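So the structure is just underneath, and the comments pick up after that.
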Amino acid sequence: MEILIGKNSGFCFGVKRAVEGVEKEVKKYKKINCLGEIVHNEVVVEKLQKMGVNFIENIDEAQNNSVLAIRAHGVDENTYKEAKNKNIEIIDYTCPKVKNIHEQIKKADEERYKIILVGKKTHPEVIGSKGYAKDVIVIESIDEVEELSDYEKVFCIVQTTFSYSKYIEIENKLKEKYSNIKCVNSICPSTKNRQLECQDIAEKVDFMIVIGGKNSSNTHKLYEVACKVNENSVIIQDENDKKIEECEKYGIIGIMSGASTPDETINKVVEKIKATCQEE
Ligand code: SF4
Numbered sequence: 011m012e013i014l015i016g017k018n019s020g021f022c023f024g025v026k027r028a029v030e031g032v033e034k035e036v037k038k039y040k041k042i043n044c045l046g047e048i049v050h051n052e053v054v055v056e057k058l059q060k061m062g063v064n065f066i067e068n069i070d071e072a073q074n075n076s077v078l079a080i081r082a083h084g085v086d087e088n089t090y091k092e093a094k095n096k097n098i099e100i101i102d103y104t105c106p107k108v109k110n111i112h113e114q115i116k117k118a119d120e121e122r123y124k125i126i127l128v129g130k131k132t133h134p135e136v137i138g139s140k141g142y143a144k145d146v147i148v149i150e151s152i153d154e155v156e157e158l159s160d161y162e163k164v165f166c167i168v169q170t171t172f173s174y175s176k177y178i179e180i181e182n183k184l185k186e187k188y189s190n191i192k193c194v195n196s197i198c199p200s201t202k203n204r205q206l207e208c209q210d211i212a213e214k215v216d217f218m219i220v221i222g223g224k225n226s227s228n229t230h231k232l233y234e235v236a237c238k239v240n241e242n243s244v245i246i247q248d249e250n251d252k253k254i255e256e257c258e259k260y261g262i263i264g265i266m267s268g269a270s271t272p273d274e275t276i277n278k279v280v281e282k283i284k285a286t287c288q289e290e
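For the sequence shown, my numbering puts the final residue at 290, and the numbers step up evenly by one.
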């Protein structure tokens, strides 16, 4: 039995920075709020809760004069204003790449571009980024391009974890529709490399395992990528998933994880695979 583990597996830079930062701050403040799950990973969330991090869904739940951590996905501009009004101290772990999207959207708005944001409408990063201009159109499929009205000048930017291949299709369609369009491909290299490597590994192996949280959209995209080239692909959250047991039927097993999966979980999955295959 051989196991191929993606080099791009594990936390991305932005998530690592946020998780380590919140761990450090909670030791200092003893109790802090964090707006939304810091990562879509139950293991990490539970560990931080035990340390004193209270995860809230809305800034209205934060008490006056409290401390509030912002996760890598970022938040809309209004949240900072509300925090100021409530004298809340912000510890900002918005990923610098997401901050850059916010700045670009603000600038495009000032320059009177019609802004199109390509991304999953319900994704927290997209909801946050949308809040940096008065009117941002969010699209997530190529079919929606047809429905767009005509605009004089258009600015297009994309969610950092959006599917690379899907975005290129949408961008090409937008360029056909608008002669005066400026497109910024803001897909994070970490996302793109992970998706390309996932495909590469899935093509080589007999059984492909994608690890990540149930709500992690980047993990689901990796799974889609793997399924396209390898029908023996599964998605699991951690080492307790029964689907791992299928590996005993195969010779070469591939592993790739989403950006919110800690190395600890990947190592436990590898141990479980080895134990399962040895039992044979
Ligand atoms: S995927 Fe990229 S942009 Fe998103 S948090 Fe990670 S490093 Fe930042």
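Backbone N, C-alpha and C fix where the C-beta goes; we use that ideal spot for every residue, glycine too. On a predicted model such as this, the values are computed, not experimentally measured, just so you know.
What's the gap between the Cα of residue 143 and the Cα of residue 117?
Those two C-alpha atoms are separated by around 9 Å.
In whole angstroms, give me the CA-to-CA distance for residue 18 and residue 267.
For residue 18 and residue 267, the distance between alpha carbons rounds to 8 Å.
Measuring straight from C-alpha to C-alpha, what distance separates residue 257 and residue 283?
Between residue 257 and residue 283, the C-alpha separation is close to 7 Å.
Can we count residue 79 as close to ligand 1, meaning its CB is less than 7 Å from some heavy atom?
Flag unset: Cβ of residue 79 not near ligand 1.
Taking the beta strand (DSSP E) that residue 266 falls in, what are its first and last residues?
Start and end: 262-267.
I believe residue 55 touches residue 36 by the beta-carbon criterion, under 8 Å. Please report the beta-carbon distance rounded to the nearest angstrom.
Contact flag wrong, Cβ pair sits at about 13 Å.
Is residue 198 near ligand 1, in the sense that its beta carbon is under 7 Å from a heavy atom of that ligand?
Checking the Cβ of residue 198 against ligand 1 gives yes.
Go to residue 12, then tell me how far its alpha helix (DSSP H) extends in each direction, as first and last residue.
Where residue 12 is concerned, there is no enclosing alpha helix (DSSP H), although the beta strand (DSSP E) it sits in stretches over 12-15.
Is residue 229 close to ligand 1? I mean its beta-carbon at under 7 Å from any heavy atom of the ligand.
False, no ligand heavy atom lies under 7 Å from that Cβ.
Could you tell me the distance, in whole angstroms, from the CA atom of residue 111 to the CA atom of residue 180?
Near 18 Å, if we compare the C-alpha coordinates of residue 180 and residue 111.
Would you kindly work out how many angstroms separate the C-alpha atoms of residue 223 and residue 281, rounded to a whole number?
Those two C-alpha atoms are separated by around 19 Å.
By DSSP, does residue 195 sit in helix, in strand, or in coil?
Three-state DSSP puts residue 195 in coil, outside helix and strand.
Of the choices 103, 188 and 277, whose alpha-carbon is the least far from that of residue 155?
Closest option to residue 155, Cα to Cα, is 188.
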